[in-house]
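Let me begin by presenting the structure, written as structure tokens, before commenting on it.
Structure below.
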């Protein structure tokens, strides 16, 4: 099983906990108001007991689901509204820079 062995050193992985990661930029002074309610992504966090590297998996997803192509969550562009992968540095449709 993929989650039992570290992909870097082959050591044993230990489940730390489940956490929600905030999507978009968040903050009253530095954040963008249009991203204030972007939501969160629930993830399971695993740590290698040997090299101490962290791995993040979608919470509750099976190993087959985690490895499928296109499994990156989709978010709407703040300018044009088209859905794109949440880790895109700019919108593939209108070119709006998403990560500053």
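Numbering (our numbering), first residue to last: 472 to 571.
Yeah, the Cβ is synthetic: ideal placement off N, Cα and C, and Gly gets one too.
Nearest-angstrom beta carbon gap, residue j and residue i [assumed within contact, 8 angstroms]
i           : j           : result
residue 519 : residue 487 : With a Cβ gap of about 11 angstroms, residue 519 and residue 487 do not count as contacting.
Counted within 10 angstroms of its Cβ, other Cβ atoms place residue i as buried (16 or more) or exposed
i           : result
residue 569 : buried
residue 477 : buried
residue 565 : exposed
residue 522 : exposed
Continuous beta strand (DSSP E) stretch holding residue i: start and end
i           : result
residue 569 : Taken as a continuous stretch (DSSP letters only), residue 569 belongs to no beta strand (DSSP E), as it is neither H nor E.
residue 545 : 545 to 547
residue 491 : 484 to 493
residue 575 : Limits of the chain in this structure are 472 at one end and 571 at the other, which puts residue 575 out of reach.
Nearest candidate by alpha-carbon position, reference residue i, set the options
i           : options               : result
residue 515 : 484, 563, 558 and 557 : 484
residue 492 : 474, 481 and 513      : 513
residue 529 : 481, 556, 551 and 490 : 490
Interface flag, residue i vs chain C, CB-CB below 8 angstroms
i           : result
residue 480 : No chain C is part of this structure, which consists of one protein chain only.
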